[in-house]
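Chains as they are written, first to last, in this note's numbering: chain A, 1 to 138; chain B, 1 to 138; chain C, 1 to 138.
Listed below in structure tokens is the structure:
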């Protein structure tokens, strides 16, 4: 059994984090799948999906850590193609990855109490994001 | 066809790596699934699952690399919420991610000879970990 | 329904990036699966699979970024086991991960226009790579 649904998300810019857990939980319940997997995928090359404890401190720590590791201020070769100032955005998104897969047990996402599903905007301007959720199992 | 099973794991602390390959291989064989996918997921926000050549050198190199990239000694904003000294643990775990998906072929995990499935404890104290393994296919 | 197929790839060395998108798209079409998931996995511990905008700038930026974060010039403990000079290769591959999962919608990979599936060679010498593609859905 497969159930697929799209989530739409408006983001501000680089560093904007959203908690998608409740939205994905609702899609799992609608799917009627009891045991299986939920796959969450950001369509586009400058957004990331992952797991984190969604609290105010880490919401700042994660984007700050990425900016330290891959600084926006460096000159990236991507800039020579597009001149849109988002070379670091692509690299942040590739490093974290565009997707997460979470088990479904007894009709619910099996996450830790302090473990949430996030979307991270990595691009330098507001974006309309399409997130594709696929639930499969039985 | 879906088969789901939990692995329990006792970890020491930050940097403790376990090789889960044989345990997952056994679950694949029990599932009787010949062709498909095995999904391995750490429940909780301070543990990671991934793939590595599981040998003594890399068992030290991986945690050391994470500590260089995201130092435990820095002050993270997460600390202001919880005061439990594990801001870096959350960031290490989010960077590596909580899950891995491996193909199943002819009833076995299809891994390279030097490619093993690991659990990495990122938290600063011993933990009892629940790892959920979902095998699906036919 | 599950469809599994192997892709073979010849790589040059550390930093060699290939765009696999068209090859995976063809496998999806052959599978006749309309709605589901495509899972792409590098067999072996020194190659990575991920998503990126596949253009000449980022093709240089990604390997350069990895070399800055985890320098080939450092002495890794892996070297004491194998003396093959590829400690950093293992760490690059583990950080990015060996696999990617992409949704399939109406019989096609659902990717952004500028979002491609890459294979990154992380090893220090040319390799013959086996990439296992598993499509499942209905």
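Glycine included, each C-beta is placed from N, C-alpha and C at the ideal position.
message = Applying the 10 Å Cβ sphere with the 16-neighbour rule, what's the burial state of residue 53/B?
response = Here residue 53/B is buried: its Cβ has 16 or more other Cβ atoms, across all protein chains shown, within 10 Å.
request  = For the region 49–70 of chain C, enumerate the residues whose C-beta is nearer than 7 Å to any C-beta of chain D, in chain order.
outcome  = Included in the structure are the protein chains A, B and C, with no chain D among them.
message = Please give the ranges of any alpha helix (DSSP H) in the region 11–48 of chain C, keeping only runs that are unbroken, at least 4 residues long and fully inside the region.
response = 21–31, all fully within the region 11–48 of chain C.
message = Judging by CA-CA distance, which residue of 5/C, 88/C, 119/C, 37/C is the nearest neighbour of residue 128/C?
response = Among 5/C, 88/C, 119/C, 37/C, the Cα nearest to that of residue 128/C is on 119/C.
request  = Establish whether the CB of residue 107/B and some CB of chain C are separated by less than 8 Å.
outcome  = Closer than 8 Å: no.
query = Can you give the Cα-Cα distance for residue 106/A and residue 34/A, rounded to whole angstroms?
reply = Roughly 5 Å separates the two Cα atoms.
query = How is residue 132/B classed by DSSP in three states: helix, strand or coil?
reply = Looking at residue 132/B - three-state DSSP - the assignment turns out to be strand.
inquiry  = Run through chain A and tell me which residues come within less than 9 Å of residue 139/C, C-beta to C-beta.
reply    = Residue 139/C lies beyond the stretch modelled for chain C, which goes from 1 to 138, so this question has no answer here.
key: Best match in 42/B, 37/B, 32/B for proximity to residue 109/A [C-alpha to C-alpha]   = Nearest C-alpha to residue 109/A: 42/B.
Contact check, residue 39/A vs residue 37/C, beta carbons under 8 Å = In contact: residue 39/A and residue 37/C (Cβ atoms closer than 8 Å).
request  = Reducing DSSP to helix, strand and coil, say where residue 120/A ends up.
outcome  = Residue 120/A: strand per DSSP, three-state reduction.
query = Do you know whose CA, among 117/B, 113/B, 103/B, lies nearest residue 136/B's CA?
reply = When each option's Cα is compared against that of residue 136/B, the closest is 103/B.
Option in 76/B, 97/B, 60/B, 5/B with minimal Cα separation from residue 24/B = Of the listed residues, the one whose Cα sits closest to residue 24/B is 5/B.
task = Consult DSSP for residue 103/B and reduce its assignment to one of helix, strand or coil.
result = Residue 103/B: strand per DSSP, three-state reduction.
inquiry  = Please list, in chain order, the residues of the region 31–48 of chain B that have any C-beta partner in chain C closer than 7 Å.
reply    = Here the close residues are 35, 36, 37.
query = In whole angstroms, what is the alpha-carbon distance linking residue 44/A and residue 88/C?
reply = If you take the alpha carbons of residue 44/A and residue 88/C, they lie about 29 Å apart.
request  = Can you say whether residue 13/A is buried or exposed, counting buried as having 16 or more other CB atoms within 10 angstroms of its CB?
outcome  = Classification for residue 13/A: exposed.
ask   = For a contact meaning CB atoms closer than 8 Å, what does residue 90/A contact in chain C?
value = The contacting residues are 52, 53, 58, 61.
key: Between the CA atoms of residue 22/A and residue 78/C - distance to the nearest angstrom   = Near 42 Å, if we compare the C-alpha coordinates of residue 22/A and residue 78/C.
request  = Ignore the nearest five residues each way along the sequence and tell me which others in residue 93/C's own chain have a CB closer than 7 Å to its CB.
outcome  = The answer, listed in chain order, is 45, 46, 47, 48, 122.
message = So residue 79/C contacts chain B; which residues on that side make the cut at Cβ distance below 8 Å?
response = Per Cβ cutoff of 8 Å: 57.
Proximal residues of chain A, C-beta to C-beta of residue 138/C below 7 Å = Neighbours of residue 138/C on chain A, chain order: 2.
inquiry  = Relative to the C-alpha of residue 115/B, which candidate in 124/C, 116/C, 98/C has its C-alpha closest?
reply    = That would be 98/C, whose Cα lies nearest to the Cα of residue 115/B.
request  = For residue 86/C, collect the residues of the same chain with a Cβ closer than 7 Å to its Cβ; drop the 5 residues on either side in sequence, then sort them by chain order.
outcome  = Take residue 86/C, set aside five residues on each side of it, and the residues of its chain with a beta-carbon closer than 7 Å to its own are 46, 123, 124, in chain order.
query = If you drop the 5 nearest sequence neighbours on each side, which residues of the same chain put their C-beta closer than 7 Å to that of residue 134/A?
reply = Once the five neighbours on either side are set aside, the close Cβ partners of residue 134/A are 2, 4, 39.
ask   = Can you tell me whether DSSP reads residue 8/A as helix, strand or coil?
value = Assigned with DSSP and collapsed to three states, residue 8/A falls in strand.
key: Buried versus exposed call for residue 101/A [16 or more other C-beta atoms within 10 Å across all chains shown]   = By the neighbour-count definition (other C-beta atoms within 10 Å, threshold 16), residue 101/A is a buried residue.
query = Which same chain residues, not among the five before or five after residue 15/C, have their C-beta less than 6 Å away from its C-beta?
reply = For residue 15/C, where only same-chain residues beyond five positions count, the Cβ hits under 6 Å are 63.
request  = Please say whether residue 76/A and residue 112/C have beta carbons closer to each other than 8 Å?
outcome  = The answer is no: Cβ separation not under 8 Å.
query = Where does residue 90/A sit, in a helix, a strand or coil, going by DSSP?
reply = DSSP places residue 90/A within a helical segment (H, G or I) once states are collapsed to three.
message = Counting only C-beta atoms, is residue 99/A closer than 8 Å to chain C at any point?
response = Chain C has a Cβ within less than 8 Å of the Cβ of residue 99/A.
ask   = residue 81/A lies in the alpha helix (DSSP H); which residues open and close that run?
value = Note, residue 81/A: alpha helix (DSSP H), 78–82.
query = Per DSSP, residue 109/C is paired with what?
reply = Answer is 104/C, bridged to residue 109/C.
ask   = Under a three-way DSSP split, which group does residue 97/A fall into?
value = Residue 97/A: coil per DSSP, three-state reduction.
ask   = Is there a Cβ from chain C that is less than 8 Å from the Cβ of residue 111/B?
value = So, interface residue.
Residues sharing a beta bridge with residue 50/A, DSSP = 118/A, per the DSSP bridge assignment.
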